[in-house]
Every structure is written in structure tokens, then in C-alpha cells.
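In our numbering, the protein residues as written are 1404 to 1640.
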């Protein structure tokens, strides 16, 4: 099962006899599903499944792959502590999202069966620049960076929750949130791009429409919200 909306490349597992399932932003780990690929927190919705829910599912013996690419900078707990006890859990993570370095494409897996995956992986899957970066990371600095990032995410989520909005915002624990507007995201982008803003059109995610957009939490999020409110209020007059 691949609950949708989700990271777009996961839809290709359907070619390997997996199933796709559309869900309205909150996915429950039903034990009737034998294999599930789950993004936690979800991209683009920011929703999440708790560690107790994950452990309860794992006790059934069913297999679970959890993509935690945003976990280190989000307000939720990693399920990595369950790996030692449950062979049926595989965790995927990535420096790409946590450190905002998409060009390097550094990812890794954690699980009792990681070595099985390694046998099937390409020989040259990490370039020399990525190796250099990994070898020069300071664990203490990394922990400090993640802590500060979580605090920043918490602060901005609270700000967005309390701010006046002329559009719908879905609950999130991630450094981004999903919004639904009364107009198309493409139309809104035409009006805000000249101010240096751009909203990620989420219509290419299964289950979402042209009015859904993902917005990253930045320090100037207040200015963006005010700008969007002004545009939407004017367009409705």
C-alpha cells in the first residue's frame, strides 16, 4: 500500500504488485495490509503516524518501510528505536531534505535487512563529493542544527496556526504545510512571483487538485500570508 498523496516516485512500486491507496491526508496503519510504504511526516501534507501506531502495526508481522527524510527537522519522533526489535521495519532517511542539499542526493537505510538492499544497489551510488561531506560532518554540530531547526519549525507552525488566513491550512508537524485555496495555485503564483514568492503546485500528487499548494515555513512567512490574504480578498470582491 502506498497512501496518497505521497512522494511521487513511490507510485512506481505498483509495477511490482503493490497497491496504491488514496487517503484524505491521515493514514491509519490497518493490519490487513501486508506491506506499506509510508512517508513520516508525509510530503506534501505534513501529517504523521505516531511511533506507538507504527509499533502496533509491526507486531502483526507485516512489513513497513518508513521514509523519514524530514523527521530530523519536524515535530515528531523517529521510529528508528524500533529497528533492533522488528526485522519487518526498514527506515529510509536523507541528508538531502534535512540539510537542504538536493544536488548531492545522499540517502541511507536503517534496518536489520539493510544488507540485503545493499547487495542489489548500484556499485557507484554515492559520488566523491557526497563521501567528502559525510566524512567531515561533526556529530555535535549536526545535533545542534537539528535541534535549532525543530525549534524554528515549532515557532513557525504556531505562527501560521494563529495567523489570519483566507484559505484552508492542514495541520502539520513538518517545516512545510499543505494549503487549499479558492483559486488555482498557478493563478496565485502569477500574482506573488513578482514579490519573490512561489507556492509549490501540489496538483501532481495523487488525490490533490489544482487548488492545493505546499508552502515552506520561512522566517518571512507572515509577509507571504498577508500577501495571499490581500490577493484572495481582492479577487472575491
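Virtual Cβ for every residue (Gly too), placed ideally from N, Cα, C.
Go ahead and label residue i buried or exposed: buried means 16 or more other beta carbons lie within 10 angstroms of its beta carbon, across all protein chains shown.
i            : result
residue 1607 : exposed
residue 1530 : exposed
residue 1611 : buried
residue 1525 : exposed
residue 1596 : exposed
residue 1590 : exposed
For a quick check, are the C-beta atoms of residue i and residue j less than 8 Å apart?
i            : j            : result
residue 1580 : residue 1520 : no
residue 1497 : residue 1510 : yes
residue 1515 : residue 1545 : no
residue 1620 : residue 1559 : yes
residue 1638 : residue 1586 : yes
residue 1452 : residue 1441 : yes
residue 1408 : residue 1631 : no
Take residue i and list the residues in its own chain whose beta-carbon comes closer than 6 Å to its own, dropping the five residues that flank it on each side.
i            : result
residue 1615 : 1583, 1605
residue 1594 : 1634
residue 1490 : 1515
residue 1628 : 1566
residue 1480 : 1454
residue 1552 : 1476
residue 1578 : 1476, 1556, 1620
residue 1549 : 1475
residue 1641 : Since the displayed the chain opens at 1404 and closes at 1640, residue 1641 lies outside it and no answer follows.
So, for residue i: in the same chain, excluding its five sequence neighbours on each side, which residues have a beta-carbon less than 8 Å away from its beta-carbon?
i            : result
residue 1499 : 1472, 1505, 1507, 1508, 1509, 1510
residue 1482 : 1443, 1454, 1457, 1458, 1469, 1471, 1492, 1494
residue 1517 : 1493
Helix, strand or coil: which one does DSSP assign to residue i?
i            : result
residue 1642 : Residue 1642 falls outside the range modelled here, since the chain spans only 1404 to 1640, and no answer is possible.
residue 1482 : coil
residue 1630 : helix
residue 1522 : helix
residue 1625 : helix
residue 1426 : Unreliable positioning characterises residue 1426 in this predicted model, as indicated by a pLDDT of 45, which lies under 50. The coordinate reading is nonetheless provided below. The answer is coil: DSSP assigns residue 1426 none of H, G, I, E or B.
residue 1438 : strand
residue 1534 : helix
residue 1602 : coil
residue 1459 : helix
residue 1529 : coil
What number of angstroms, rounded off, separates the C-alpha of residue i from the C-alpha of residue j?
i            : j            : result
residue 1450 : residue 1477 : 11 Å
residue 1588 : residue 1601 : 9 Å
residue 1636 : residue 1568 : 10 Å
residue 1625 : residue 1563 : 8 Å
residue 1623 : residue 1541 : 29 Å
residue 1547 : residue 1484 : 20 Å
residue 1447 : residue 1527 : 30 Å
residue 1523 : residue 1533 : 20 Å
residue 1576 : residue 1570 : 19 Å
residue 1445 : residue 1574 : 11 Å
residue 1598 : residue 1503 : 23 Å
residue 1613 : residue 1474 : 27 Å
residue 1561 : residue 1603 : 21 Å
Can you find the residues in the same chain that come closer than 7 Å, C-beta to C-beta, to residue i, ignoring five residues on each side of it along the sequence?
i            : result
residue 1572 : 1563, 1580, 1582
residue 1512 : 1493, 1494, 1495, 1520
State yes or no: is the C-beta of residue i nearer than 7 Å to some heavy atom of the ligand MN?
i            : result
residue 1539 : This structure lacks the ligand MN, and indeed carries no ligand of any kind.
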